[in-house]
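Protein chains in written order, with our numbering: chain A, 8 to 120; chain B, 1020 to 1129.
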Amino acid sequence: DTGVSQDPRHKITKRGQNVTFRCDPISEHNRLYWYRQTLGQGPEFLTYFQNEAQLEKSRLLSDRFSAERPKGSFSTLEIQRTEQGDSAMYLCASSLGLYNEQFFGPGTRLTVL
Amino acid sequence: KNEVEQSPQNLTAQEGEFITINCSYSVGISALHWLQQHPGGGIVSLFMLSSGKKKHGRLIATINIQEKHSSLHITASHPRDSAVYICAVSSGGGADGLTFGKGTHLIIQP
Chain A
8 DTGVSQDPRH
18 KITKRGQNVT
28 FRCDPISEHN
38 RLYWYRQTLG
48 QGPEFLTYFQ
58 NEAQLEKSRL
68 LSDRFSAERP
78 KGSFSTLEIQ
88 RTEQGDSAMY
98 LCASSLGLYN
108 EQFFGPGTRL
118 TVL
Chain B
1020 KNEVEQSPQN
1030 LTAQEGEFIT
1040 INCSYSVGIS
1050 ALHWLQQHPG
1060 GGIVSLFMLS
1070 SGKKKHGRLI
1080 ATINIQEKHS
1090 SLHITASHPR
1100 DSAVYICAVS
1110 SGGGADGLTF
1120 GKGTHLIIQP
């Protein structure tokens, strides 16, 4: 399968713990996006990369959140000192260049107890 | 910040009916996307359009840039069309993270 993949698919953690999610985009796609979706709501933009450069960050991305794309391929999203309000589906998408269709991964569902 | 409003929020229809979902946005965009999300989270891109009309099988998407409005139509609806349909816009200008509507939950009954 050559689509966008995310790992893990589900993560349950206790409040205060750190978690890290991984996204592998479609191989030739230079743009990678992270979104967050809470129950019953549409996704919300968190951040995006063009190659290894992080070009935009939403104000939703507090200091506890950090994202990297070190070699311009896969990306990681880390949440430090998780809070119950961080419980959500974290979606990754990739695209080839600006103004092109975004392809979404299956998401990582985070539950913070 | 662009605001994206969808209507209706929920829609239940009988198999075979013609379905229309509406989307309006508040400021200029570079493109509008229609997405489909099934239970479990997976999102599939249906259309990306910046003007006019696009058709793919039984799905049709239209956009009116002047009125800042788009519609998604489903002809001859089928129970497998049951899903959440989400409208999203990219504002361009180098900031192309999408802004999403809340989605329309569609149920097609046999």
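Just so you know, even glycine gets a beta-carbon here, dropped at the ideal spot from N, CA and C.
Report the residue from the options whose alpha carbon sits nearest the alpha carbon of residue i.
i, options, result
"residue 55(A)", "23(A), 27(A), 65(A)", "65(A)"
"residue 95(A)", "31(A), 67(A), 33(A)", "67(A)"
"residue 1037(B)", "1046(B), 1090(B), 1045(B), 1025(B)", "1090(B)"
"residue 111(A)", "1022(B), 1025(B), 1062(B), 1053(B)", "1062(B)"
Tell me the residue span of the beta strand (DSSP E) that contains residue i.
i, result
"residue 29(A)", "26-31"
"residue 82(A)", "82-86"
"residue 1071(B)", "1071-1075"
"residue 1052(B)", "1050-1056"
"residue 1023(B)", "1023-1026"
"residue 1124(B)", "1123-1128"
"residue 1033(B)", "1029-1033"
For residue i, which three-state DSSP category applies?
i, result
"residue 92(A)", "helix"
"residue 76(A)", "coil"
"residue 116(A)", "strand"
"residue 43(A)", "strand"
"residue 1099(B)", "helix"
"residue 1109(B)", "strand"
"residue 103(A)", "coil"
"residue 58(A)", "coil"
"residue 962(B)", "What the structure shows of chain B is the stretch from 1020 to 1129, and residue 962(B) is not part of that stretch, so it cannot be assessed."
"residue 1043(B)", "strand"
"residue 68(A)", "coil"
"residue 48(A)", "coil"
Pull up the DSSP beta-bridge partners for residue i, would you.
i, result
"residue 14(A)", "29(A)"
"residue 63(A)", "55(A)"
"residue 111(A)", "100(A)"
"residue 1093(B)", "1038(B), 1078(B)"
"residue 1118(B)", "1108(B)"
- Query: Taking contact to mean at least 3 C-beta pairs separated by less than 8 Å, is the segment 36-51 of chain A in contact with the segment 99-113 of chain A?
  - Reply: The segment 36-51 of chain A, when compared against the segment 99-113 of chain A, does touch it at the 8 Å Cβ threshold.
- Message: Does the contact criterion of 3 or more C-beta pairs under 8 Å hold for the segment 1069-1085 of chain B versus the segment 1024-1031 of chain B?
- Response: No, they do not touch.
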